[in-house]
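Asker: Before we start, here is the structure in question, set down as structure tokens.
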Amino acid sequence: MKINELIKAANEKYMPLKKEEFKTKKEGNELTSEQKEELFKWETTLSFYKIIKGIFVEQFTKNEALVGYLIGEKKLTTRREKAIDNNGNEVTVTVINESMDDRVDMMPEQFYKPLFEEMVKGHKKNIDAFKQRNDTVSLAKEQIELDIINSFLPKEATKEDVMKWLNENYPNGITQKEMGPTIGKAKGAFGRADGKMVSECVRNIIHN
Numbered sequence: 059m060k061i062n063e064l065i066k067a068a069n070e071k072y073m074p075l076k077k078e079e080f081k082t083k084k085e086g087n088e089l090t091s092e093q094k095e096e097l098f099k100w101e102t103t104l105s106f107y108k109i110i111k112g113i114f115v116e117q118f119t120k121n122e123a124l125v126g127y128l129i130g131e132k133k134l135t136t137r138r139e140k141a142i143d144n145n146g147n148e149v150t151v152t153v154i155n156e157s158m159d160d161r162v163d164m165m166p167e168q169f170y171k172p173l174f175e176e177m178v179k180g181h182k183k184n185i186d187a188f189k190q191r192n193d194t195v196s197l198a199k200e201q202i203e204l205d206i207i208n209s210f211l212p213k214e215a216t217k218e219d220v221m222k223w224l225n226e227n228y229p230n231g232i233t234q235k236e237m238g239p240t241i242g243k244a245k246g247a248f249g250r251a252d253g254k255m256v257s258e259c260v261r262n263i264i265h266n
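Start counting the sequence shown at 59; every next residue gets the next number (my numbering).
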């Protein structure tokens, strides 16, 4: 998924709505509730895509392993150039040919997945807090951002997925002592699954 294409697409949705809002206010009127909701959605989406791009740029700036990996995979190409160091001496440096925009669109999943999985946890906690406070605006924003993060990650296993796997692999259930290893195996069976949910599912098949 190319972040620059996502930003462009979101901007194409956002700008007409923003222009319509400006026009409507100038006329002394307001957008309809549906228009406001759509504007909020695309304003939030565009803003968060830009945040993600910033995260990717930071990774390329600081993560030497990431750059080395892409050079090794021949996705990034380099050239040698003459430069002057801080002492005024001529040195030869390695320069990456691709622009930063080209680089961020090459970001491999294995480099952003751990970070995004942590972001999912944070957003879920925030959503629970906003629900308790009945903060509908913050809740809507957080949900939009969570959906975006999830779109970059493998599909998360549902409770039904985990229970089906457990029933197929442990038709007779498990003992209390087997709970820990079973949780580990169940989590490993899916590309992505919430640990708390998996633990609850495993508890459901424990017998005396």
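Cβ coordinates follow ideal geometry from the N, Cα and C atoms, glycine included.
Just so it is clear, the structure is predicted and the values come from calculations on it, not from any experiment.
Report the option in D163, N262, T233 and E226 whose CA atom is closest to the CA atom of A247.
Answerer: E226
Asker: Contact defined as beta carbons within less than 8 Å: I believe F118 pairs with V125. What is the distance between those atoms, to the nearest angstrom?
Answerer: With a Cβ gap of about 7 Å, F118 and V125 count as contacting.
Asker: Mapping DSSP to helix, strand and coil, what is E148?
Answerer: strand
Asker: What's the gap between the Cα of S105 and the Cα of L89?
Answerer: 21 Å
Asker: Determine which residues share a DSSP beta bridge with K140 and list them.
Answerer: T150
Asker: Scan the region 60 to 106 and note each continuous beta strand (DSSP E) run of 3 residues or more that stays entirely inside, going in chain order.
Answerer: none
Asker: Which one or two residues does DSSP pair with I232 in a beta bridge?
Answerer: DSSP, once it has assigned bridges, lists I264 as partnering I232.
Asker: Can we say the region 152 to 166 touches the region 125 to 144, given the rule of at least three CB pairs closer than 8 Å?
Answerer: yes
Asker: How about the region 211 to 227 and the region 184 to 191: do they share at least three Cβ pairs that are nearer than 8 Å?
Answerer: no
Asker: Do N62 and D159 have their CB atoms nearer than 9 Å?
Answerer: yes
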